[in-house]
Amino acid sequence: MKPIRAIFAVFALMATPVLAAETRMVTDDAGRVVEVPLTAERVISQNDNRLTLPLLELGVPLVGSSGRVDAEGKPYLRVVPDLLGIDFDTADFEFIGTYNDLDYETIAALDPDLIITMLEEQVEKLSVIAPTLVIDPNLYPVRDGMRVLAEATGHLDAYEALSGAYNRKLETVRPFFDEAGDVSVSVTFSFPAGDSVYVYNDLGALTVAMADLGLNLPEIAADMDGRSMAISPERWQDIDADFVINFYGTTPQDGPVQVRAGLDKFLPGWCDFLHACRNDQYVFFPYASFGYSFGALGLNLDLLTTHIAGRAFTPIGQAQ
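Numbered per the working numbering, the sequence shown spans residues 20 to 339.
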């Protein structure tokens, strides 16, 4: 995994009093060296949760973002409204299609000076419109990825301020978890349909905050390759831990009750097979908790403190 390396190179017109825009060379996650503005002013984001959210938090001026489309055909942003209160209805940037189906004509009309995408296969078309960087935040823990984005867009000052605030909050709550001793937490994801359940060792801000607080993943998550894997009903007990976290969405159709009902379809009687559930240590966090931002990191410090450090609980393996 290669961090982005910014090599500053300021260019000026030599024979005219009008100066050209200051630029620099950046090596992106695809190994491409791209000339980008020193400080970007009109940025396009290809992914809402992994790019738009952190870019907005850093104060990067966006002119367009991808999003998702609901059942009624209305575009929306995932996680961004929950953490920043911004959606396409209130944003000062435009909807440019979904993350894997961009509207290139709309992007061109927005006259961007920098485009950031997670997908290398989009570069050929996008780079015709404006300088394009491939940055995949999934390659970096949240704080590292935030710095990569801050360097790429010229917003390191904002990054330092956000990082400092998070570190101060972490210093406040970390002693609460030191007092709790060794605690294991399993991170899972499922849907109301009940057709699948996934276990994670890397899920945005949540797993970073867990590591910062000294919380341990169960063996199945700690040892697996990749960020996640599907769990079959036969391996259900492998996800067990002192606490198990699952997630709920922001509509009545994917709330905690609906997600829990989906688990009943996936494995009838599932709660009886998990120590965490039998002891009321199976909890639901909002989607915003796996967002990719310092705001999401801070939210997780609060949620984990409330659900773990702020209560008595029965450790796994202890007689009930």
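Glycine residues also receive a C-beta, built at the ideal position from the N, C-alpha and C atoms.
Determine the DSSP secondary structure at residue i, reduced to helix, strand or coil.
{"i": "asparagine 265", "result": "strand"}
{"i": "proline 22", "result": "Interpretation of proline 22 is limited by its pLDDT of 49, a score under 50 that renders its predicted location unreliable; the figure taken from the coordinates is listed afterwards. Three-state DSSP puts proline 22 in coil, outside helix and strand."}
{"i": "tyrosine 95", "result": "strand"}
{"i": "leucine 322", "result": "helix"}
{"i": "threonine 333", "result": "coil"}
{"i": "aspartate 120", "result": "strand"}
{"i": "isoleucine 105", "result": "coil"}
{"i": "isoleucine 115", "result": "strand"}
{"i": "alanine 328", "result": "helix"}
Rounding to the nearest angstrom, what Cα-Cα distance links residue i and residue j in this structure?
{"i": "alanine 127", "j": "alanine 230", "result": "41 Å"}
{"i": "proline 94", "j": "phenylalanine 266", "result": "22 Å"}
{"i": "phenylalanine 30", "j": "threonine 109", "result": "Any reading at phenylalanine 30 must be qualified, since the residue scores a pLDDT of 36, below 50, and its modelled position is unreliable; the value itself is stated next. The straight-line gap from Cα to Cα measures roughly 37 Å."}
{"i": "glutamate 190", "j": "serine 308", "result": "20 Å"}
{"i": "glycine 92", "j": "leucine 70", "result": "22 Å"}
{"i": "proline 100", "j": "aspartate 106", "result": "5 Å"}
{"i": "glutamine 277", "j": "phenylalanine 304", "result": "14 Å"}
{"i": "leucine 286", "j": "proline 252", "result": "6 Å"}
{"i": "arginine 61", "j": "glutamate 76", "result": "15 Å"}
{"i": "glycine 233", "j": "alanine 240", "result": "15 Å"}
{"i": "threonine 42", "j": "tyrosine 123", "result": "24 Å"}
{"i": "proline 160", "j": "aspartate 259", "result": "24 Å"}
{"i": "threonine 269", "j": "tyrosine 306", "result": "8 Å"}
{"i": "methionine 243", "j": "serine 209", "result": "18 Å"}
{"i": "proline 334", "j": "isoleucine 250", "result": "23 Å"}
{"i": "proline 211", "j": "aspartate 273", "result": "6 Å"}
{"i": "glutamine 65", "j": "glutamate 198", "result": "42 Å"}
{"i": "threonine 325", "j": "valine 216", "result": "25 Å"}
{"i": "asparagine 119", "j": "arginine 166", "result": "25 Å"}
{"i": "alanine 59", "j": "leucine 175", "result": "12 Å"}
{"i": "phenylalanine 50", "j": "methionine 137", "result": "As written in the sequence, residue 50 is glycine, which differs from the phenylalanine given in the question. Rounded to the nearest angstrom, the two C-alpha atoms are 13 Å apart."}
{"i": "leucine 102", "j": "glycine 314", "result": "7 Å"}
{"i": "glutamine 256", "j": "cysteine 296", "result": "11 Å"}
How would you write the range of the beta strand (DSSP E) that residue i sits in, first residue to last?
{"i": "arginine 43", "result": "42 to 46"}
{"i": "leucine 133", "result": "133 to 136"}
{"i": "leucine 152", "result": "151 to 153"}
Would you please state the rounded distance, in angstroms, between the beta carbons of residue i and residue j? I believe it to be under 8 Å.
{"i": "alanine 224", "j": "serine 312", "result": "7 Å"}
{"i": "leucine 121", "j": "serine 85", "result": "6 Å"}
{"i": "tyrosine 172", "j": "leucine 72", "result": "According to the sequence displayed, residue 172 carries threonine and not tyrosine. Incorrect: roughly 14 Å between the Cβ atoms, too far for contact."}
{"i": "alanine 177", "j": "glycine 78", "result": "5 Å"}
{"i": "phenylalanine 112", "j": "leucine 81", "result": "4 Å"}
{"i": "proline 150", "j": "glutamate 54", "result": "6 Å"}
{"i": "valine 206", "j": "tyrosine 185", "result": "That belief does not hold up - the Cβ atoms of valine 206 and tyrosine 185 are roughly 20 Å apart, past 8 Å."}
{"i": "alanine 228", "j": "leucine 323", "result": "6 Å"}
From which residue to which residue does the alpha helix (DSSP H) around residue i run?
{"i": "arginine 87", "result": "No alpha helix (DSSP H) contains arginine 87, which is instead part of the beta strand (DSSP E) from 81 to 88."}
{"i": "leucine 75", "result": "72 to 76"}
{"i": "threonine 125", "result": "123 to 128"}
{"i": "glutamate 60", "result": "Glutamate 60 -> no alpha helix (DSSP H), and no H or E assigned at all."}
{"i": "threonine 172", "result": "161 to 172"}
{"i": "leucine 145", "result": "142 to 148"}
Any beta-carbon of chain C closer than 8 Å to the one on residue i?
{"i": "asparagine 265", "result": "Looking for chain C here will not work: only one protein chain is present."}
### Message
Please give me, in chain order, every unbroken run of the alpha helix (DSSP H) with length at least 4 that falls completely inside the segment 269 to 316.
### Response
Taking 4 residues as the minimum length, the alpha helix (DSSP H) runs contained wholly in the segment 269 to 316 are 275 to 285 and 294 to 297, in order along the chain.
### Query
Hey, which unbroken runs of the beta strand (DSSP E) at 3 residues or more fall wholly within the segment 191 to 256?
The segment 191 to 256 contains these whole beta strand (DSSP E) runs: 204 to 209, 216 to 219 and 247 to 249.
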